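Undergrad: Quick note on the numbering used here: the sequence shown kicks off at 0 and runs consecutively.
For glycine and all other residues, C-beta sits at the position ideal for the given N, C-alpha and C.
This one's a predicted model, so the numbers in the text were calculated from it and none came from an experiment.
Below are the structure tokens for one structure; questions will follow.
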Amino acid sequence: MKYSLLGLIKGAGNHHKDWPAAWRQPEPKPAYDVVIIGGGGHGLATAYFLAKEHGVTNVAVVEKGWIGGGNTGRNTTIVRSNYLWDESAHLYEKSLKLWEGLSQELNFNTMFSQRGVMNLAHNLHDLRELNRRVSAIRLNGIDSEFLTTEQVKAFCPIINTAPTIRYPVLGASLQRRGGTARHDAVAWGFARAADRLGVDILQNCEVTGIRREGIRVTGVETTRGFIGARKIGSVAAGHSSVIAAMAGLRLPIESHPLQALVSEPVKPVLDTVVMSGAVHVYVSQSDKGELVIGAGIDAYNSYAQRGTLQVIEEQMAALIELFPMFSRMRLMRQWAGIVDVCPDASPIMARTPVEGFYINCGWGTGGFKATPGSGWVFAHTIAQDRPHELNAAFTLERFSSGALIDEHGAAAVAH
Ligand code: FAD
Ligand code: PYC
């Protein structure tokens with residue numbers, strides 16, 4: 000087949016011209032049955048499942064910037080369900096199962112890649128802890144296995160497993176069904192699917208206040224005017240405390256910067272996700288070829304989406320010790336998001352004492368993997384006015400009753 004150069008250039012020029020918009024840009028209606036605050040993956044998934052599973056279609060997602068511009072578009076895309084406690088294991092596993100069919104569900108390629116997630120052990124304590132976790136996870140019917148040093152090397156040959164390094168690799172846990180996905184595709188996929196079911200996505204629309212009559216919400220004040228609402232779901236990640244304060248609630252949440260960075264693109268060298276809580280770094284390789292690298296939160300509270308050099312220096316030292324071949328690579332970009340951390344490193348998805356006001360927050364450093372599952376149970380909670388059994392334990396009251404779900408270990412390197 001022959002192409003003329005002119006034809007190709009003309010074709011290239013016209014290439015995107017007749018594509019319809021993936022979702023509408025509607026004007027806000029005076030009122031909705033449900034207003035979701037926050038157009039990240041969780042907010043959009045909630046709106047989608049409200050419409051699809053519960054027939055609640057008079058819904059608006061109100062986003063102060065652009066959809067997916069918060070942590071959804073800033074995270075390092077690791078998806079797994081290897082959590083310790085039963086409550087978390089079942090919740091994250093529901094989400095992983097939804098991930099496994101999400102591209103088909105949304106008719107949108109989320110580039111979900113089950114390349115495995117490996118957590119390394121570097122000392123006796125790590126070994127005991129990983130073995131305990133592998134057993135607990137398997138008891139919940141979720142795949143998890145323990146690898147010896149030799150098996151780690153066979154699974155990921157570029158890891159330095161020499162016994163002489165400062166923190167030698169003594170073994171690892173592996174969840175083969177874990178992996179990565181394309182973060183912004185998830186936001187776009189849910190947005191397009193929700194829009195088609197009648198949900199209004201209102202971008203550049205910041206919520207500045209919540210109106211109440213007595214103990215009941217009546218709507219949100221926004222930069223595009225007042226919008227009435229019978230029910231309001233707050234899904235604002237690092238800004239959850241700010242939104243809750245508008246409704247008169249104080250949340251047990253701290254907001255911290257969490258940063259990440261990517262290298263220049265190289266040919267495929269790493270076909271799994273490697274995490275190490277002890278030396279404090281994690282890395283995977285994106286489909287573009289960039290190494291996607293991260294570590295823990297910056298210790299101070301902040302709403303500025305930037306991190307400090309200190310965290311970068313420490314994670315680079317750890318990375319190079321584990322992967323000496325990366326030492327000559329150049330880094331291209333660094334950024335941060337603001338994460339909402341609960342004292343037990345588990346989320347809150349619940350009704351609140353303010354009638355009609357529901358919160359979904361506290362995902363901290365690990366909520367991307369939960370995006371479909373979180374939307375699924377939160378839609379149930381809002382529509383039915385009671386939690387689904389999968390989120391029944393993730394209440395606000397647990398911080399006064401003491402029924403905490405301590406997942407600091409599962410959040411691992413990022414905490
Ligand atoms: P967001 O995507 O942040 O959405 C909240 C939205 O609310 C934002 O778009 C924001 O603009 C909007 N908003 C805030 N205030 C207002 C207002 N007043 N009015 C209207 N809108 C408002 N998790 C994992 O599982 N795996 C990982 O590998 C991983 N890596 C991470 C790496 C980094 C660097 C960061 C920052 C996070 C990481 N996470 C990871 C955590 C994960 O990104 C989050 O838990 C998850 O994306 C939260 O999704 P969300 O939809 O709740 O939040
Ligand atoms: O939750 O898997 C995770 C994670 C990795 C990096 C940040 N969060």
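Sort K368, A120, Q284, A59 by Cα distance to A193 and report the nearest one.
TA: Along the sequence shown, one-based indexing puts residue 193 at 194. Closest by alpha carbon: A59.
Undergrad: Measuring only the C-alpha atoms, how far is F74 from V338?
TA: Sequence index remark: in the sequence shown, residue 74 carries index 75 (1-based). Sequence index remark: in the sequence shown, residue 338 carries index 339 (1-based). According to the sequence shown, residue 74 is Asn rather than Phe. Going by the C-alpha atoms only, they are around 10 Å apart.
Undergrad: Do you know how far the Cα of A171 is from the Cα of L49?
TA: The count along the sequence shown starts at 1 and reaches residue 49 at position 50. The count along the sequence shown starts at 1 and reaches residue 171 at position 172. So the two alpha carbons sit approximately 39 Å from each other.
Undergrad: G197: buried (16+ other C-beta within 10 angstroms of its C-beta) or exposed?
TA: The count along the sequence shown starts at 1 and reaches residue 197 at position 198. It counts as exposed.
Undergrad: Would you check whether the ligand FAD has a heavy atom nearer than 7 Å to the C-beta of T257?
TA: Counted from its first residue, the sequence shown places residue 257 at position 258. The identity of residue 257 in the sequence shown is Leu, whereas the question assumes Thr. Because some heavy atom of the ligand FAD lies under 7 Å away, the Cβ of L257 counts as near it: yes.
Undergrad: The beta strand (DSSP E) that contains G227, what's its start and end?
TA: By 1-based counting over the sequence shown, the position of residue 227 is 228. Per DSSP, G227 belongs to the beta strand (DSSP E) from 224-233.
Undergrad: Write down the C-beta distance between A344 and P256 rounded to the nearest angstrom, noting that I regard them as a contact closer than 8 Å.
TA: Here residue 344 is taken as the residue at index 345 of the sequence shown, counted from 1. Here residue 256 is taken as the residue at index 257 of the sequence shown, counted from 1. Contact flag wrong, Cβ pair sits at about 17 Å.
Undergrad: Pick helix, strand or coil for D17, following the three-state DSSP scheme.
TA: Taking the sequence shown and counting its residues from 1, the one referred to as residue 17 is at position 18. Three-state result, D17: coil.
Undergrad: Using the beta-carbon count (16 or more within 10 Å), is M331 buried or exposed?
TA: Start at 1 with the first residue of the sequence shown, and residue 331 comes out as number 332. M331 should be labelled exposed.
Undergrad: Is there at least one non-hydrogen atom of the ligand PYC closer than 7 Å to the beta-carbon of T370?
TA: If you number the sequence shown from 1, residue 370 lands on position 371. It does not: the Cβ of T370 is nowhere closer than 7 Å to a heavy atom of the ligand PYC.
Undergrad: Which same chain residues, not among the five before or five after G6, have their C-beta less than 7 Å away from its C-beta?
TA: The residue you call residue 6 lines up with position 7 of the sequence shown. Since pLDDT at G6 reaches only 46, below the 50 mark, its modelled position is unreliable, and the value read off the structure follows with that caveat. Closer than 7 Å at the Cβ level, and outside the excluded window around G6, lies no residue.
Undergrad: Which complete alpha helix (DSSP H) runs does the segment 181-211 hold, if anything under 4 residues is left out?
TA: Segments of the alpha helix (DSSP H) lying fully in the segment 181-211: 182-195.
Undergrad: Regarding G69 and the ligand FAD, is the C-beta to nearest heavy atom distance less than 7 Å?
TA: On the sequence shown, residue 69 is found 70 positions in, with the first residue counted as 1. Answer for G69: yes, Cβ within range of the ligand FAD.
Undergrad: What separation, rounded to the nearest whole angstrom, lies between the Cα atoms of A21 and L43?
TA: Within the sequence shown, numbered from 1, the residue matching residue 21 stands at position 22. Within the sequence shown, numbered from 1, the residue matching residue 43 stands at position 44. Distance between the alpha carbons of A21 and L43: 14 Å.
Undergrad: How do the segment 263-273 and the segment 65-73 stand: do at least 3 beta-carbon pairs fall below 8 Å, yes or no?
TA: Counting Cβ pairs under 8 Å, fewer than three are found: no touch.
Undergrad: Give the secondary structure of E263 by DSSP, where H, G and I count as helix, E and B as strand, and everything else as coil.
TA: Locating residue 263 in the sequence shown gives position 264, where the first residue counts as 1. Residue state, collapsed to three classes: strand.
Undergrad: Where does the unbroken beta strand (DSSP E) through W375 begin, and where does it stop?
TA: Translated into the one-based positions of the sequence shown, residue 375 becomes position 376. Unbroken run through W375 is the alpha helix (DSSP H), 370-383; no beta strand (DSSP E).
Undergrad: Quick one, are the C-beta atoms of A402 and G365 less than 8 Å apart?
TA: As a first step, residue 402 must be located in the sequence shown, where it is residue number 403. As a first step, residue 365 must be located in the sequence shown, where it is residue number 366. Going by C-beta atoms, A402 is not nearer than 8 Å to G365.
Undergrad: Report yes or no: do three or more beta-carbon pairs, one from the segment 118-130 and one from the segment 170-189, lie closer than 8 Å?
TA: Counting Cβ pairs under 8 Å, three or more are found: they touch.
Undergrad: If distances are taken between C-alpha atoms only, which option among A246, E86, A236, F189 comes closest to I214?
TA: As a position in the sequence shown, residue 214 is number 215, starting the count at 1. It is A246.
Undergrad: Note down the Cα distance separating K152 from P167, rounded to an integer number of angstroms.
TA: Walking along the sequence shown from the start, residue 152 turns up at place 153. Walking along the sequence shown from the start, residue 167 turns up at place 168. Cα to Cα, K152 sits roughly 12 Å from P167.
Undergrad: Measuring alpha carbon to alpha carbon, tell me which of S94, G232, R223, E354 ends up nearest Q202.
TA: The residue given as residue 202 occupies position 203 in the sequence shown. The shortest C-alpha separation from Q202 is found at R223.
Undergrad: At a cut-off of 7 Å, would you count I77 as near the ligand FAD, judging by its Cβ distance to the nearest heavy atom?
TA: Looking up residue 77 in the sequence shown gives position 78. It does: the Cβ of I77 is within 7 Å (strictly closer) of some heavy atom of the ligand FAD.
Undergrad: Per the DSSP calculation, L330 is bridged to which residue(s)?
TA: Looking up residue 330 in the sequence shown gives position 331. In DSSP, L330 forms a bridge with S262.
Undergrad: With DSSP collapsed to three states, give me the class of P323.
TA: Translated into positions along the sequence shown, residue 323 becomes position 324. DSSP places P323 in helix when its eight states are reduced to three.
Undergrad: Classify H387 as helix, strand or coil using the three-state DSSP reduction.
TA: Counting from 1 along the sequence shown, the entry for residue 387 is found at position 388. It is coil, neither helix nor strand.
Undergrad: Taking DSSP as the reference, what is the three-state secondary structure of T147?
TA: The sequence position of residue 147 within the sequence shown is 148, counting from 1. Coil at T147, not helix or strand.
Undergrad: Answer yes or no: the CB of Y91 versus the heavy atoms of the ligand PYC, is any distance below 7 Å?
TA: Position 92 of the sequence shown holds residue 91. No - the ligand PYC has no heavy atom lying nearer than 7 Å to the Cβ of Y91.
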